[in-house]
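The sequence shown: position 137 = 348 (my numbering), numbered continuously.
Here the structure is laid out as structure tokens; the discussion comes afterwards.
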Amino acid sequence: GAYSDHNYFVVAVPQQGKARIYRDALKKPILNKQIPFVILSTPGVSYIKFSPNNQYIYLQSAQEFVTYDFENIRINNFAVAQPLGESHPVWVSNAHLAYQAQDSSINYLMEFDGNNNADMLSSDPGTRLYYSPNHTSLYRVITKDKKTSLDNVSLVAK
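And the structure:
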């Protein structure tokens, strides 16, 4: 991902328990041996995703996460208490992640560093919440009385 006039890419080797982030590795002059910008320790990384504006990146290993903040040069390690469903957390803004708990219909929203992990509301298992571009409402798939519908839920207090 590109952030603040720099290009970053990540190389993770799950067996080594490390992920290396390189900055401007293809910028001339290209070095024979690149030096990582930062090395993150993470056991068995299974998923990597940059935030929409590329300021943050998260690396996931089951319920454990490592995030890196390129602007503030900060590493955060955290775990979520609820086992995750089959999908990975999705960025719903530049700094917020959303996920659904496994064997549950409860959806959670948290900040990039794992703080303020809050349960939002339920949706059908295996479906996630879809946030509007301005984050004033969300959509969910919900089944009530054997009828499935797409609900629009306001996030603005009236």
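Glycine included, every Cβ here is placed at the ideal spot set by N, Cα and C.
Remember, predicted model here, so these are calculated numbers, not experimental data.
Is DSSP giving residue i helix, strand or coil here?
i      : result
GLN311 : strand
GLN293 : coil
GLN274 : coil
ILE259 : strand
VAL326 : In the sequence as displayed, the identity of residue 326 is Asn instead of Val. Correct three-state label for ASN326: coil.
SER333 : strand
ALA213 : strand
VAL301 : strand
If residue i and residue j are in contact, beta carbons under 8 Å, what's the gap, nearest whole angstrom?
i      : j      : result
ILE232 : PRO247 : 6 Å
PHE261 : GLY212 : 4 Å
ALA230 : PHE220 : Wrong, their Cβ atoms sit about 11 Å apart, outside the cutoff.
LEU361 : TYR350 : 6 Å
ALA308 : TYR279 : The amino acid at residue 308 is misidentified as Ala; the sequence shows Leu. The Cβ separation is near 14 Å, so there is no contact.
LYS320 : ALA306 : Correcting the residue identity first, residue 320 is Leu in this sequence and not Lys. Incorrect: roughly 11 Å between the Cβ atoms, too far for contact.
May I ask you to list the residues that DSSP assigns as paired with residue i?
i      : result
ASP362 : ARG351
MET321 : LEU308
ASN265 : None, per the DSSP bridge assignment.
ARG231 : VAL222, ILE250
ARG285 : ASP280
How many angstroms separate the CA atom of residue i from the CA atom of residue j?
i      : j      : result
ILE317 : SER298 : 14 Å
LYS358 : LYS369 : 28 Å
SER272 : PRO225 : 9 Å
PRO240 : SER215 : 20 Å
ALA290 : ASN363 : 30 Å
ASN454 : ALA223 : Because the chain here runs from 212 to 369, residue 454 falls outside it and cannot be looked at.
HIS346 : PRO336 : 22 Å
VAL301 : TYR310 : 7 Å
LEU242 : LYS355 : 60 Å
I'd like the list of long-range same chain contacts for residue i, defined as Cβ closer than 7 Å, with 5 residues on each side in sequence excluded.
i      : result
TYR342 : VAL303, LEU349
VAL352 : SER334, ASP335, THR338, THR359, LEU361
Leaving out five residues on either side along the sequence, give the residues of the same chain with a beta carbon under 8 Å from the beta carbon of residue i.
i      : result
SER257 : PRO225, GLN271, SER272, ALA273
GLN245 : TYR233, ALA236
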